[in-house]
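Engineer: So that we are looking at the same thing, I have put the structure below in C-alpha cells.
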Amino acid sequence: MPLGFERLNERTTRPNSLINFIKPLPGPTSATAQDFLERVAAICYPIMKARHIAVMALEEYEPNPEFVGRNFNAGEVIQLVLKGRMVGGGWQWLNLRSVQMVMMHELAHCKQMNHSGAFWKVRDSYAGDLRDLWARNYTGEGLWGRGRALENGASMEDGVQARLEEPKSLCGGTFRSSGRKRKRKRKGAGKEKEKLSYAERQQRRILRKFGTGGTALGADEDAKVKLEAGKPLKGKPRVAKSARGRELRAAAALARLDQARTVDIKNEEEGSGSETDSDSDEASPNEVAALDLDGKAMLDTRGHGLVKVCEGEDGDAEDARREMVELQELEITPLPHSSDRQEPSEKQAVKKEARRSQRS
Numbered sequence: 001m002p003l004g005f006e007r008l009n010e011r012t013t014r015p016n017s018l019i020n021f022i023k024p025l026p027g028p029t030s031a032t033a034q035d036f037l038e039r040v041a042a043i044c045y046p047i048m049k050a051r052h053i054a055v056m057a058l059e060e061y062e063p064n065p066e067f068v069g070r071n072f073n074a075g076e077v078i079q080l081v082l083k084g085r086m087v088g089g090g091w092q093w094l095n096l097r098s099v100q101m102v103m104m105h106e107l108a109h110c111k112q113m114n115h116s117g118a119f120w121k122v123r124d125s126y127a128g129d130l131r132d133l134w135a136r137n138y139t140g141e142g143l144w145g146r147g148r149a150l151e152n153g154a155s156m157e158d159g160v161q162a163r164l165e166e167p168k169s170l171c172g173g174t175f176r177s178s179g180r181k182r183k184r185k186r187k188g189a190g191k192e193k194e195k196l197s198y199a200e201r202q203q204r205r206i207l208r209k210f211g212t213g214g215t216a217l218g219a220d221e222d223a224k225v226k227l228e229a230g231k232p233l234k235g236k237p238r239v240a241k242s243a244r245g246r247e248l249r250a251a252a253a254l255a256r257l258d259q260a261r262t263v264d265i266k267n268e269e270e271g272s273g274s275e276t277d278s279d280s281d282e283a284s285p286n287e288v289a290a291l292d293l294d295g296k297a298m299l300d301t302r303g304h305g306l307v308k309v310c311e312g313e314d315g316d317a318e319d320a321r322r323e324m325v326e327l328q329e330l331e332i333t334p335l336p337h338s339s340d341r342q343e344p345s346e347k348q349a350v351k352k353e354a355r356r357s358q359r360s
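Counting along the sequence shown from 1, when you hit position 60 you're at 60 in UniProt numbering, and nothing is skipped either side.
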C-alpha cells in the first residue's frame, strides 16, 4: 500500500493498487470519467510497479486551452484533462491512448520535476514501455484485462473524428507545497566527525564552560579576602575537614555558581551544525504563490499554498514539439476496435464455433 495508507473493506477492486484515489469531476459525465480514469490507471500499473512510483490521487480536470496534465508534490495529486474543446464549439472525449501518454509525462515528473534533459530520458522510457503494453494488447490486471466501452457506449479506443483545439502546452507545470521543512546541509559535511569518549566530552564541556588558565586552590590571596568578608587572613586551614575549611569551600562554590550564571554556555557540538536545523519555504522572499486558471491561489490538501517548481514546457523545444506531434497522431489516427483484437482464448473459441458450423 503506497504512501503509508491501508484501505480496509474496499467495496470495489481498484484498477491500480499504487493509486489510492480516483476522482472524476462531479456532473452528468462523472461515471464515464470514472471509467476513463480507471482505464488510464489500470495500464500504468506495471510501469509504476517497476519504477516504485506511488500516486495519492488521480483526478479529472476541466477542459481548458492551457494544458492537459499537471503534477503536484511529485505524485501526491496528478490531474488529467479528459475532454477536448471542438473547433466549432462544444467538447468531446479525448482519445484514451493520448491521455495514457499524457499520464506517462506526469509520472515522469515523480522522478524529475523540471523539464530537463534527464526528465525527457525518463519520459521517453515510460512512453516506450507504454507502447510495448499496447503491442501486447495489455489493458490492465484482473477485471481491467479486456477492453470495455465507456458508459455512453462509445469505444475508448476509437479515434476522435472531430477537430479539437490544441492546448498551449501539454503540461501545466509541476508544483510543491510551500512551508515544507528541508534539511540544511551540515557544515563541513565532507569531514568525518571525530569520535570522543564520554570522559573526553565531559572535559571539553568543562573547558568551554569555565575556560582555562585557572589558579591553584588557596593561592589567590585577594579571593581569600573576599571569601572571608574582608576579615584579615588567618592562614591556611591545617585540617581539610575543619569548620573554617568547610566554610571556605562552600563560599568558593557559591562564587563559581554566581559567575557561571553570567556566562552563556555554548553548545556541546559547537561549529558542527545539525541535521535537524530546517528552513521554512514560507520565509523565502523569492517564492511566489501559484495561481490557478481562475486567478485563485492554489492550495494543497492541508491548506498550504503551492509554489510552481517548473513552468509548462517550452513550445519551441525540440522534445516538447516531438511529444505534441505524437499526441496529435494518437488523436487523429483511428485505432482497431477492441472486438478486432481478440484474446487468444477468444480466437480459439471462434475457431471451434466455425468448425462446428462447417461439420453441421
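All residues carry an ideal CB built from backbone N, CA and C; glycine is no exception. Only a predicted model underlies this, so the values are computations on that prediction, with no experimental measurement involved.
Report yes or no: is there a C-beta of chain D within less than 8 Å of the C-beta of D319?
Structural biologist: No chain D appears in the structure shown, which is made up of a single protein chain.
Engineer: Going by DSSP, what residues sit across from C310 in a beta bridge?
Structural biologist: Paired residues: T174.
Engineer: Compute the Euclidean distance between the alpha carbons of E326 and R70, then round it to the nearest angstrom.
Structural biologist: So the alpha carbons of these two residues sit roughly 19 Å apart.
Engineer: In angstroms with no decimal places, state the Cα-to-Cα distance between G245 and A253.
Structural biologist: C-alpha separation (whole angstroms): 12 Å.
Engineer: Quick check on DSSP: helix, strand or coil for L207?
Structural biologist: Of the three classes helix, strand and coil, the one that applies to L207 here is helix, per DSSP.
Engineer: Taking the Cβ atom as the reference point for each residue, do R85 and M104 lie within a distance shorter than 8 Å?
Structural biologist: Their beta carbons are not under 8 Å apart, which means R85 does not touch M104 by this criterion.
Engineer: Where DSSP assigns a beta bridge to E66, which residues make up the other side?
Structural biologist: DSSP lists no partner for E66.
Engineer: Is it the case that the region 23-31 contacts the region 43-52, given that we only count it when at least three CB pairs across the two stretches are under 8 Å?
Structural biologist: As far as the Cβ criterion goes, the region 43-52 does not touch the region 23-31, which means the pair count is below three.
Engineer: In the DSSP output, which residue or residues are listed as bridge partners for L248?
Structural biologist: DSSP, once it has assigned bridges, lists no residue as partnering L248.
Engineer: In the DSSP output, which residue or residues are listed as bridge partners for F21?
Structural biologist: F21 is bridged to A57.
Engineer: Determine, using beta-carbon pairs with one atom in the region 71-79 and one in the region 91-109, whether at least three such pairs fall under 8 Å.
Structural biologist: The region 71-79, when compared against the region 91-109, does touch it at the 8 Å Cβ threshold.
Engineer: Grouping DSSP H, G and I as helix and E and B as strand, with all else coil, what is L80?
Structural biologist: If DSSP states are grouped into helix, strand and coil, L80 belongs with the strands.
Engineer: For F72, write down the residues that DSSP places opposite it in a beta bridge.
Structural biologist: Beta-bridge pairing links F72 to V77, F175.
Engineer: For A57, which option in F21, I47, R7, N114 has the closest C-alpha, if you only look at C-alpha atoms?
Structural biologist: When only C-alpha atoms are compared, the closest one is F21.
Engineer: Out of I206, F175, F210, point me to the one whose CA is closest to N73's CA.
Structural biologist: Per the Cα distances, F175.
Engineer: Taking the straight line between their C-alpha atoms, what separation do you get for W93 and V99?
Structural biologist: Distance between the alpha carbons of W93 and V99 is about 10 Å.
Engineer: Tell me which residues share the same chain as F36 and place their Cβ nearer than 6 Å to its Cβ, disregarding the 5 neighbours each side in the sequence.
Structural biologist: So the qualifying residues of the chain are L82.
Engineer: With distances taken between CB atoms, is the gap from M324 to L133 smaller than 8 Å?
Structural biologist: No. Outside cutoff.
Engineer: Under the assumption that A54 contacts L18 (Cβ atoms under 8 Å), give the Cβ distance between them as a whole number of angstroms.
Structural biologist: The Cβ separation is near 5 Å, so the contact holds.
Engineer: What did DSSP end up calling T34 once you bin it into helix, strand or coil?
Structural biologist: Reading off the sequence shown, one finds Gln at residue 34, where the question assumed Thr. Three-state DSSP puts Q34 in a helix.
Engineer: Please identify the residue among I47, M298, V68 whose C-alpha is closest to the C-alpha of K111.
Structural biologist: Minimum Cα distance to K111 is reached at I47.
Engineer: Mind checking which residues open and close the beta strand (DSSP E) that includes Q100?
Structural biologist: Element bounds for Q100: not the beta strand (DSSP E) but the alpha helix (DSSP H), 96-108.
Engineer: I'd like to confirm the pairing. Which residues does DSSP put opposite Q92 in its beta bridges?
Structural biologist: Answer is G84.
Engineer: How long is the line joining the alpha carbons of P15 and A317, rounded to whole angstroms?
Structural biologist: The straight-line gap from Cα to Cα measures roughly 35 Å.
Engineer: Just reading off the alpha helix (DSSP H) that Y126 is part of, what are its end residues?
Structural biologist: Y126 -> alpha helix (DSSP H) spans 117-135.
Engineer: What residue from L130, T139, F210, H115 has the CA that sits closest to G172's CA?
Structural biologist: Of the listed residues, the one whose Cα sits closest to G172 is H115.
Engineer: What do you get for T13, buried or exposed, if any count of 16 or more other CB atoms within 10 angstroms of its CB means buried?
Structural biologist: T13 is exposed by the Cβ-count criterion.
Engineer: For G27, name the three-state secondary structure that DSSP assigns.
Structural biologist: Coil, per DSSP.
Engineer: Does the beta-carbon of R131 have 16 or more other beta-carbons within 10 angstroms, so that it is buried, or is it exposed?
Structural biologist: With fewer than 16 other Cβ atoms within 10 Å, it is exposed.
Engineer: Mind checking who G142 pairs with in its DSSP beta bridge?
Structural biologist: According to DSSP, which records beta bridges pairwise, G142 is partnered with nothing at all.
Engineer: Less than 8 Å between the beta carbons of L96 and R7, yes or no?
Structural biologist: No, these two residues do not count as a Cβ contact at 8 Å.
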